[in-house]
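Residue numbers (full-length UniProt numbering): 1 to 300.
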């Protein structure tokens, strides 16, 4: 039986790609590589709960499990030193796609799969989904010919899976550009409940990029951990003298998440009143503790 590796971002295009491949009787292993900067699931930390489709619900609709693989630690050096540079802020989109495809290639060989596919659409994203860039990415990742993009396959040269008859090219699509009408029509056809776009990769967010740059400037690169990255997503951030970093929860969901990272850090919280939790990295002086108390009161 033909077997394919599907790269899954969590959005509608990824779901449609899986459906198109499954319809042709191909076994699919679905992989979601967590690089540490994705926004999927981040709505749980905002005060007003947004509609969110759970992983379990996504798996039910696809009929197969989604393997979630954390590669934050492996991806960090690429964020810090991207070969192909950054996009609008600190997003190394081209290097990221090459990295993910290299991970998928290793999985493909280890699990005797025949090819890889993604939900990419030609011309949908300015930096990484132009035709020539797509070809460059698969070439540098070492997957030329073995990477299928079902939503745009008819706009691209036939891949080895198509040439070998593993998958019927005529049943694939020719979607391009940033419009969503074709995808929405397919979502209705398959009756899919899907994750609404929520800002995409946090590395494209200017405010998040400022926090990341501050972290890089204040901590040796080899000491930066996935936990440091997770904390960048939470609370209000302040930098005090003596390289002291303070993270103040914005609301109760933030406080609950910050409580998971108290080990090895000072914490400050009002004793007799409800208010934010603050995490402190570094060793505050008595004067700084008083300053921190005033800071917390100001956000209570």
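Quick reminder that beta carbons are idealized off the backbone N, C-alpha and C, glycines included.
Given that a residue counts as buried once 16 or more other Cβ atoms are within 10 Å of its Cβ, and exposed if not, what is residue 6?
buried
Would you call the stretch 62 to 82 in contact with the stretch 94 to 103, where contact means no fewer than 3 C-beta pairs closer than 8 Å?
yes
Rounded C-beta distance between residue 205 and residue 89? I'm assuming under 8 Å.
7 Å
With distances taken between CB atoms, is the gap from residue 141 to residue 101 smaller than 8 Å?
yes
Going by DSSP, what residue range makes up the beta strand (DSSP E) through residue 281?
278 to 281
Cutting at 8 Å between CB atoms, please list the residues of its own chain near residue 112, excluding the five before and the five after it.
3
Tell me the start and end of each unbroken alpha helix (DSSP H) in the stretch 180 to 225 that is at least 4 residues and wholly inside, in chain order.
181 to 190 and 206 to 218
According to DSSP, what are the bridge partners of residue 6?
30 and 117
Can you name the start and end residues of the beta strand (DSSP E) that residue 237 belongs to?
236 to 240
According to DSSP, is residue 247 part of a helix, a strand, or is it coil?
strand
Residue from 13, 8 and 18 with nearest C-alpha to residue 167:
18
Look up residue 35 in the DSSP assignment and say whether it is helix, strand or coil.
coil
Exposure label - residue 189; buried when at least 16 CB within 10 Å
exposed
Distance, residue 162 Cα to residue 303 Cα
Past the boundaries of the shown model lies residue 303; the chain is included only from 1 to 300, so the question cannot be answered.
Starting from residue 67 and walking both ways along the alpha helix (DSSP H), at which residues does that stretch end?
No alpha helix (DSSP H) holds residue 67; the beta strand (DSSP E) holding it covers 66 to 70.
Note down, in chain order, each residue of its chain lying with its Cβ closer than 7 Å to the Cβ of residue 13, except the 5 sequence neighbours on either side.
119, 121, 151 and 183
Environment of residue 347 [buried if 16+ CB atoms lie within 10 Å]:
A question about residue 347 goes unanswered here, because the residues of the chain that appear run from 1 up to 300.
Assumed close pair residue 173, residue 153 - CB separation to whole angstroms, cut-off 8 Å
7 Å
On a CA-only basis, which of 272, 148 and 21 is nearest residue 309? Give me that one, please.
The displayed coordinates of the chain run from 1 to 300. Any statement about residue 309 would go beyond what the structure contains.
Distance, Cα to Cα, residue 276 vs residue 251?
7 Å
From the DSSP output, in three-state form, read off residue 133 for me.
helix
Give the C-beta separation of residue 215 and residue 224 to the nearest angstrom, bearing in mind that I take them to be a contact with Cβ-Cβ under 8 Å.
7 Å
Could you give the distance in angstroms between the alpha-carbon of residue 43 and the alpha-carbon of residue 249?
Only weak support is given to the placement of residue 43: the predicted model assigns it a pLDDT of 42, under 50, and the value that follows is read from those uncertain coordinates. Approximately 15 Å, taken between the alpha carbons.
Could you check if residue 33 is buried or exposed, using at least 16 other CB atoms within 10 Å of its CB as the buried criterion?
buried
Pair within 8 Å by beta-carbon distance, residue 67 and residue 30
yes
Comparing alpha-carbon positions, which option in 16, 263, 207 and 178 lies nearest residue 236?
207
Let me check understanding here. Comparing Cα to Cα, which of 75, 55, 23 and 26 lies closest to residue 36?
75
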